[in-house]
Every structure is written in structure tokens, then in C-alpha cells.
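Everything below concerns the one structure shown next.
There are 2 protein chains.
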Amino acid sequence: MSNIKEIAKLARVSLGTVSHVLNNSASVREPVRNRVLDAVRVLGYRPNQLARGLRRVQTSMIGMIIPDITNPFFPAVVRGAEDVAFSNGFRLILCNSDNHHSKELAHLNELRTYLPAGLLLIPSNFGDLTAETEVYRQAGTGVVCIDRLPTSWSGDSVTADNEDGAYKATRYLIQLGHTALATITGPLHLTNAKDRLSGFKRALRGPRLKIAPEYIQESTFNKPGGYSKTVTLLKLIPRPTAIFAGNDMIALGCLLAIREAGLRCPEDVSLVGFDDLDLGETTNPALSSVSQSGYQLGSTAANLLVDRIKGKGGPAKHVVLGTSLTIRNSTAPPRKS
Amino acid sequence: MSNIKEIAKLARVSLGTVSHVLNNSASVREPVRNRVLDAVRVLGYRPNQLARGLRRVQTSMIGMIIPDITNPFFPAVVRGAEDVAFSNGFRLILCNSDNHHSKELAHLNELRTYLPAGLLLIPSNFGDLTAETEVYRQAGTGVVCIDRLPTSWSGDSVTADNEDGAYKATRYLIQLGHTALATITGPLHLTNAKDRLSGFKRALRGPRLKIAPEYIQESTFNKPGGYSKTVTLLKLIPRPTAIFAGNDMIALGCLLAIREAGLRCPEDVSLVGFDDLDLGETTNPALSSVSQSGYQLGSTAANLLVDRIKGKGGPAKHVVLGTSLTIRNSTAPPRKS
DNA sequence: GCGATCGTTTGAAACGATTCAAAAACTGCG
DNA sequence: CGCAGTTTTTGAATCGTTTCAAACGATCGC
Numbered sequence: 099m100s101n102i103k104e105i106a107k108l109a110r111v112s113l114g115t116v117s118h119v120l121n122n123s124a125s126v127r128e129p130v131r132n133r134v135l136d137a138v139r140v141l142g143y144r145p146n147q148l149a150r151g152l153r154r155v156q157t158s159m160i161g162m163i164i165p166d167i168t169n170p171f172f173p174a175v176v177r178g179a180e181d182v183a184f185s186n187g188f189r190l191i192l193c194n195s196d197n198h199h200s201k202e203l204a205h206l207n208e209l210r211t212y213l214p215a216g217l218l219l220i221p222s223n224f225g226d227l228t229a230e231t232e233v234y235r236q237a238g239t240g241v242v243c244i245d246r247l248p249t250s251w252s253g254d255s256v257t258a259d260n261e262d263g264a265y266k267a268t269r270y271l272i273q274l275g276h277t278a279l280a281t282i283t284g285p286l287h288l289t290n291a292k293d294r295l296s297g298f299k300r301a302l303r304g305p306r307l308k309i310a311p312e313y314i315q316e317s318t319f320n321k322p323g324g325y326s327k328t329v330t331l332l333k334l335i336p337r338p339t340a341i342f343a344g345n346d347m348i349a350l351g352c353l354l355a356i357r358e359a360g361l362r363c364p365e366d367v368s369l370v371g372f373d374d375l376d377l378g379e380t381t382n383p384a385l386s387s388v389s390q391s392g393y394q395l396g397s398t399a400a401n402l403l404v405d406r407i408k409g410k411g412g413p414a415k416h417v418v419l420g421t422s423l424t425i426r427n428s429t430a431p432p433r434k435s
Numbered sequence: 099m100s101n102i103k104e105i106a107k108l109a110r111v112s113l114g115t116v117s118h119v120l121n122n123s124a125s126v127r128e129p130v131r132n133r134v135l136d137a138v139r140v141l142g143y144r145p146n147q148l149a150r151g152l153r154r155v156q157t158s159m160i161g162m163i164i165p166d167i168t169n170p171f172f173p174a175v176v177r178g179a180e181d182v183a184f185s186n187g188f189r190l191i192l193c194n195s196d197n198h199h200s201k202e203l204a205h206l207n208e209l210r211t212y213l214p215a216g217l218l219l220i221p222s223n224f225g226d227l228t229a230e231t232e233v234y235r236q237a238g239t240g241v242v243c244i245d246r247l248p249t250s251w252s253g254d255s256v257t258a259d260n261e262d263g264a265y266k267a268t269r270y271l272i273q274l275g276h277t278a279l280a281t282i283t284g285p286l287h288l289t290n291a292k293d294r295l296s297g298f299k300r301a302l303r304g305p306r307l308k309i310a311p312e313y314i315q316e317s318t319f320n321k322p323g324g325y326s327k328t329v330t331l332l333k334l335i336p337r338p339t340a341i342f343a344g345n346d347m348i349a350l351g352c353l354l355a356i357r358e359a360g361l362r363c364p365e366d367v368s369l370v371g372f373d374d375l376d377l378g379e380t381t382n383p384a385l386s387s388v389s390q391s392g393y394q395l396g397s398t399a400a401n402l403l404v405d406r407i408k409g410k411g412g413p414a415k416h417v418v419l420g421t422s423l424t425i426r427n428s429t430a431p432p433r434k435s
């Protein structure tokens with residue numbers, strides 16, 4: 099691979115001039131400038147990003163730490179971030195934390211040594227990351243949290259309006275006539291799960307509905323969790339006639355458990371999910387769900403980060419994206435008994 | 099962030115010695131060694147990957163170019179690759195090509211400037227990449243292709259046994275009694291789509307079944323493609339009683355079209371997909387499909403690449419992973435008419 | 001024609017590591 | 001104790017860029 103020295107020799111200029119042409123860092127006379135550009139073209143030269151990054155103490159890479167790319171919600175987030183990053187000249191280094199705090203910390207400490215321009219983070223759990231990310235702040239490297247926030251997070255963030263989404267879903271179920279409402283939440287140390295539970299509870303307060311504590315079940319954000327908690331819920335007396343699931347994966351588990359219990363959805367039990375994943379369209383019945391755009395979450399966060407990288411200052415921003423309720427076939431009025 | 103110079107000063111040794119301790123590149127006496135390690139611990143030192151990469155002319159990053167992370171098949175591949183890469187000390191730089199040859203080339207040329215240790219590539223289409231990847235070869239950087247191969251690819255590769263998977267699926271349909279068999283293939287410039295079509299055709303040759311050319315429809319690997327081609331197929335006379343879909347996304351489109359035509363699956367039309375994505379379990383009816391492990395595809399490729407990085411020579415390897423047929427509810431014997 | 005001024009161009013230093021030849025410090029042996 | 005041989009340790013050179021102060025060259029006014 100050719101380097102700047104060869105370009106300089108071919109264009110009969112000094113190293114500095116080549117660099118200036120490439121970076122527009124000083125005015126260079128037209129003929130000289132063209133000689134350099136020609137040489138670049140002839141040799142197919144591309145600046146070595148490592149050397150550049152080393153000197154500038156910053157590369158054009160953005161670190162992105164997510165829990166698990168095989169979780170169907172995250173690819174869209176990553177893609178949104180990648181698109182914005184790419185079109186601004188940045189590349190993504192992707193790391194999976196598997197929701198392990200330790201793995202997350204390891205990635206956090208590791209990535210620094212690549213001198214990334216910024217960091218996008220979907221935090222794994224309730225751990226406080228202030229200390230670790232402080233090192234980034236010190237180095238002037240922006241960090242934006244997505245989807246959920248670490249304990250006492252004071253930096254930039256982009257999240258969905260989880261509380262409001264859950265409220266809308268629950269209110270809809272109430273409007274259908276349900277009064278025996280249950281919910282299966284995600285892990286409550288995650289802010290998004292907690293906020294969704296708050297929205298659920300707020301909706302109940304309107305018509306002054308009271309529910310027994312067993313109607314609120316905490317689960318992991320996946321199918322097996324949803325399944326086992328639904329089994330528990332369906333044994334309760336009176337049996338809940340509607341379930342608000344903390345996300346669509348939980349809802350899939352619900353669906354399975356409902357079917358196995360010999361019950362029908364939505365006739366016996368109505369069900370609303372959260373995320374509105376593509377797979378909700380093809381389930382049986384098609385899943386009603388709170389829509390949030392993972393893509394937009396990612397792209398908004400990347401835009402915010404790029405702004406920071408470009409030097410935009412100001413106080414920490416907390417962007418909250420709206421949600422909407424998508425009604426399909428898993429919801430209906432309760433049976434008259 | 100601390101650097102090697104500070105370590106050297108604190109440990110009262112030279113730069114070279116610190117480096118030797120960190121890399122085990124020369125024997126260092128125990129007490130000296132310990133002084134260095136202590137200093138590293140005290141200052142929380144981590145080697146700057148850019149400086150190291152610049153000097154070594156190779157970093158511990160692996161470039162990975164895939165068509166689109168939001169395509170449900172690819173996350174598992176990426177995850178498999180990431181796990182193996184990570185546990186060998188490598189990090190993944192992820193790029194989406196969107197199946198655009200030009201974007202793929204741009205990534206290919208760009209990534210080189212980061213001096214990656216290797217490259218994992220799910221090629222986008224029929225373009226010949228020999229020239230571009232030759233540059234990597236020259237630099238001693240391994241390139242492994244996954245899932246499908248560029249035209250006249252002679253390097254390492256890991257693919258599923260697409261031909262055999264398609265053969266098994268089709269033979270199963272034939273065993274059920276179907277004779278009016280149709281297929282909706284992926285884009286036939288992709289080797290995996292082509293191979294699946296070959297398997298389909300081979301299965302027909304056994305019982306000497308002949309089908310009209312209209313029973314073979316080429317589509318894109320997604321739901322809308324599957325939908326529109328199914329609409330076409332269902333108008334044919336005689337109507338096919340079984341469809342082998344080139345992948346599960348196509349199969350989802352089929353399902354939709356079958357339902358909209360007022361027909362039932364599997365009673366009127368049997369359907370088999372390919373990939374066995376998770377979402378196939380929750381469709382109505384649950385989708386029979388050819389199972390291939392995306393995770394294994396990715397991890398095998400990464401292992402192969404790591405071997406190459408570690409200097410394992412030898413001729414190009416073509417690993418072909420087996421498939422199995424998962425039978426669910428979208429397949430049944432044809433109606434007796 | 002000379003000095004001041006302005007805009008271009010240069011070249012050396014720096015970024016933080018690795019590596020290689022050479023120096024230094026040991027070791028064993030006579 | 002000195003010497004050869006071996007093991008440790010050193011320090012300078014290097015990777016490919018950016019950047020800054022300084023040198024250079026052209027232009028202008030007087």
C-alpha cells in the first residue's frame with residue numbers, strides 16, 4: 099500500500115503539502131494541488147487510518163456495545179446507527195455484552211485503546227457506569243446511551259417513551275372492557291422495563307382499578323420467561339382476561355402458554371406486546387403491540403453523537419421518541435361471563 | 099491515558115523491556131518483570147492499539163461485511179463470528195453493503211486502511227471480487243467468504259449444503275405425494291439460491307417428475323418477493339400443491355398470498371422454507387423449513403480466519419455445513435381430487 | 001530597487017508502540 | 001581473576017500520518 103511519502107515524491111512536493119491537500123488544512127495553489135490529487139489517483143492512495151488516528155488522538159471509529167445482536171430488537175438499532183455513522187465517515191466496532199456487566203466493562207475499557215471518536219451504548223443492567231465512562235468524557239469522547247440508562251446516568255441518551263407506550267396499551271385494554279389486567283414486565287433493574295410498568299400502573303389509576311400483586315410478574319425479556327410467567331398467571335383466580343407483555347418476545351411466550359393451557363387468544367385472554375417486531379405480524383393471532391422504531395433510536399443516537407464529535411457542546415440531551423399502538427388480532431373485549 | 103514511557107519510568111526500566119514483558123518477546127528476569135507488571139497495574143495501563151497496529155502493520159480487528167444486519171438470518175452469523183473473534187482477542191468492524199456491489203467495494207477498500215487482521219465477507223452479488231481481495235492476500239490478510247461465493251472465488255469459504263438441503267425438502271414433499279411442485283428461488287446470481295434450485299431439480303429427477311418452467315419463479319430473498327411470486331404461482335393451471343421457498347422470508351410472503359387467495363396451508367398448498375428462522379415457529383401454520391445454523395456458519399468462518407491469521411497455510415478450504423429438515427405444520431399430503 | 005506583507009510550502013517533531021542490533025550484566029570455567 | 005559464552009537489558013530506528021514554526025517566494029507600495 100502506498101503512503102504519503104510516495105505521493106509527495108510523485109507530486110514533487112513535501113509531505114506537509116500532501117497532508118494539507120488531503121485535509122484542506124491550508125490553502126495550496128491550484129497546480130500543486132492538482133499534482134497531488136493526480137498522484138493520489140495514480141497510486142490509488144488512501145490514508146492509513148491508524149497513523150492518522152495515532153497522531154490526531156482520535157479515529158473515525160465509533161464503538162457500539164449492545165447486549166446481543168441476535169435479540170430481534172437490536173439489529174434495527176444497530177442499522178440505524180450504522181447508516182448515520184457511515185454517511186458521516188465513521189465505522190462501527192460492534193461488541194456484544196450478553197447483559198453481563200463484566201463483559202460490558204471489559205469492552206468499555208478495551209475500546210478506549212482504539213481511540214474511538216465516540217461510543218454508543220445499550221447498557222446491560224443496573225450497574226453504574228459513571229466511573230468508566232468518565233474516562234471517555236475526560237478524553238473528550240462522547241458517549242450516548244440508547245434504549246435504557248445505567249443507574250444515575252447524566253450523559254446524553256435516546257430512549258422511547260416507554261411509560262407512555264405502556265399507558266396507551268393498557269388504556270386500550272381497559273377501554274375494551276378488561277378489568278382483570280395482568281402484566282409481565284422485563285427485568286425491573288432495566289429502566290425501560292421499569293418505565294413500562296409505571297405506564298401500566300398509571301393506566302389502572304384512571305378508572306381506579308385495583309389489581310393483586312400477583313398480577314404483576316417480573317420476567318426476563320425473552321420467550322421462556324414470558325411462557326413460564328404466563329403459566330403462573332393463568333392459574334390465578336380470577337384468571338386475568340388481558341395481559342400486557344413487557345416486550346414482544348415475552349408476548350410470544352404468552353401466546354404459547356395460552357395455547358397450551360387450552361385457552362384462546364384473544365377470546366379468553368387478550369395480549370399486547372411492546373416493540374412491534376416484524377414477527378408479530380405473522381403470529382397466530384397477529385400480535386397487537388406498542389410500536390417503537392429501533393432504527394430511529396439508533397439513528398437519532400448516532401446523530402447526537404456525531405454532533406458531539408463535531409464539537410457541539412451544551413448540556414446532556416435526553417431525547418425521548420414517541421410510540422404508537424398497533425392493533426392486530428390478539429386483543430378483543432373480554433367474554434361476558 | 100498512560101503510555102509505555104510512563105510504565106518504563108515507574109518501573110525503572112527501558113521502553114524495550116516493558117514491551118518485552120507485555121508481549122513475552124524476550125525473557126525478562128523475575129524481579130524486573132514484576133516491577134513492570136506492578137507499574138502496569140498501578141497506572142491501569144493498556145497498550146494503544148493504534149500504535150501497536152501501526153508498527154506491526156496489523157491490528158486485532160476483523161472486518162466483516164454483510165448485506166444487511168436487519169435481515170433476520172444474519173445476526174446469528176455475526177454473533178457466531180463475534181464470539182470466536184472475541185475469545186481470540188479480535189474485534190469486529192461491521193459494515194452493511196445493502197447488496198450493493200459498489201458499497202461493498204467501498205467498504206473493502208476502506209477497511210484496508212485500518213490494517214485489519216482479516217476479513218469476513220458475505221458477498222452481495224455476482225460481482226467478481228478477486229481483484230479487490232487480491233490486495234488483501236498480497237498483504238497477507240486472510241479473507242473468508244460466508245454463505246455464498248463471489249464469481250470464481252478461489253479463497254476460503256464456509257457455506258451450508260444448500261443443494262442437499264433443498265433436495266431433502268423437495269424429496270420430502272414428493273414423498274408426501276405431491277407432484278405439482280413449484281419453487282420460488284432467491285436471486286439466481288447468488289450461489290446459495292442457485293444451489294438450492296439445483297437440489298430442487300435433482301429431487302424431481304428421482305421420480306422423473308417434469309414441471310413446467312413457470313413453476314420455477316425467481317424472486318428476491320424477502321417477503322414482498324415471495325408474496326408476488328406466489329400470487330403468480332397460484333394462478334397457474336394446474337395449481338401447484340406444494341411450494342419450496344428459497345428462504346423463510348419468501349415463505350412468509352407465500353403464506354400471506356395463500357391466505358389472501360382464500361386457500362389453506364397445508365390443506366391446499368404445502369410449504370417448506372429454508373433457514374429455519376425462529377419466527378417460523380410462531381407463524382400460522384408453523385413453518386416447515388430446512389435448518390441451517392447461522393451461528394455455526396459465522397463461528398466456523400471466524401475459526402478458519404483465526405487459523406489463517408495465526409499463520410496456518412495450505413490450500414483454500416471450502417467448509418460445507420450440513421442441514422436438516424425441520425417438519426412443522428405447513429406440510430401435508432395433497433388433497434385427493 | 002528595497003523592505004514589508006501576505007500567502008505557500010517545507011521539514012522536523014510528535015503520536016505510542018515494536019524490534020533489532022548492540023551493550024551490559026551475569027555465568028561458568030580454567 | 002579474567003575470559004568466553006550466555007542471558008538480559010537498552011536505546012535508537014521505524015511505522016504513516018499531522019501540525020507547527022520557520023523558510024520561501026511573490027506582490028505591493030514607496
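Going line by line, the protein sequences match chains A and D. For what it's worth, the numbering used here labels the leading residue of the first sequence as 99, then goes sequentially. For what it's worth, the numbering used here labels the leading residue of the second sequence as 99, then goes sequentially. For every residue, glycine included, the Cβ atom is placed at its ideal position computed from N, Cα and C. In this text the structure is predicted, and so the values were computed from the model without any measurement.
Chain A within 7 Å of residue i, Cβ atoms only
i              : result
A149 (chain D) : yes
N197 (chain D) : no
P173 (chain D) : yes
L190 (chain D) : yes
Y270 (chain D) : no
V138 (chain D) : no
I167 (chain D) : yes
R357 (chain D) : no
V176 (chain D) : yes
N290 (chain D) : no
L274 (chain D) : no
Residue i to residue j span [Cα, whole Å]
i              : j              : result
L108 (chain D) : E128 (chain D) : 17 Å
A301 (chain D) : D226 (chain A) : 58 Å
G114 (chain A) : R131 (chain A) : 12 Å
V241 (chain D) : L206 (chain D) : 11 Å
E202 (chain A) : Q156 (chain A) : 22 Å
G284 (chain A) : G344 (chain A) : 5 Å
K408 (chain D) : D262 (chain A) : 52 Å
H198 (chain A) : R139 (chain D) : 23 Å
N401 (chain A) : I105 (chain D) : 38 Å
S438 (chain A) : E180 (chain A) : Any question about residue 438 (chain A) goes unanswered here, given that chain A covers just 99 to 435.
I191 (chain D) : N121 (chain D) : 24 Å
A310 (chain A) : L334 (chain A) : 10 Å
Beta carbon proximity, residue i to chain D, threshold 7 Å
i              : result
N146 (chain A) : yes
Y212 (chain A) : yes
E180 (chain A) : yes
N382 (chain A) : yes
N186 (chain A) : no
Nearest candidate by alpha-carbon position, reference residue i, set the options
i              : options                           : result
P84 (chain D)  : D:H287, D:A280, D:T257 and D:T381 : Missing from the structure shown is residue 84 (chain D); chain D here goes from 99 to 435 and no further.
F342 (chain D) : D:V119, D:D181 and D:I272         : D:I272
L288 (chain A) : A:E365, A:A414, A:Y265 and A:F319 : A:F319
P145 (chain D) : D:N382, D:V116, D:S123 and D:A400 : D:V116
G151 (chain A) : A:E180, A:F188, A:N223 and A:P413 : A:F188
M99 (chain A)  : D:D181, D:G238, D:I244 and D:N290 : D:G238
T421 (chain A) : A:S428, A:G323, A:K266 and A:R154 : A:K266
V111 (chain A) : A:A400, A:V140, A:R357 and A:V134 : A:V134
P364 (chain D) : D:K327, D:W251, D:L219 and D:L274 : D:L274
L247 (chain A) : A:V233, A:T268, A:A264 and A:L218 : A:L218
Proximity of residue i and residue j at Cβ, strictly below 7 Å
i              : j              : result
G178 (chain D) : P214 (chain D) : no
S200 (chain A) : P165 (chain A) : no
A174 (chain A) : L419 (chain A) : no
H254 (chain A) : K410 (chain A) : Looking at the sequence shown, residue 254 (chain A) is not His but Asp. Contact: no.
T424 (chain A) : D373 (chain A) : no
S368 (chain A) : A340 (chain A) : yes
A291 (chain A) : P338 (chain A) : no
Supposed contact pair residue j and residue i - C-beta distance, whole angstroms, cut 8 Å
i              : j              : result
S387 (chain A) : G371 (chain A) : 4 Å
L395 (chain D) : D293 (chain D) : Not confirmed; about 14 Å, so no contact.
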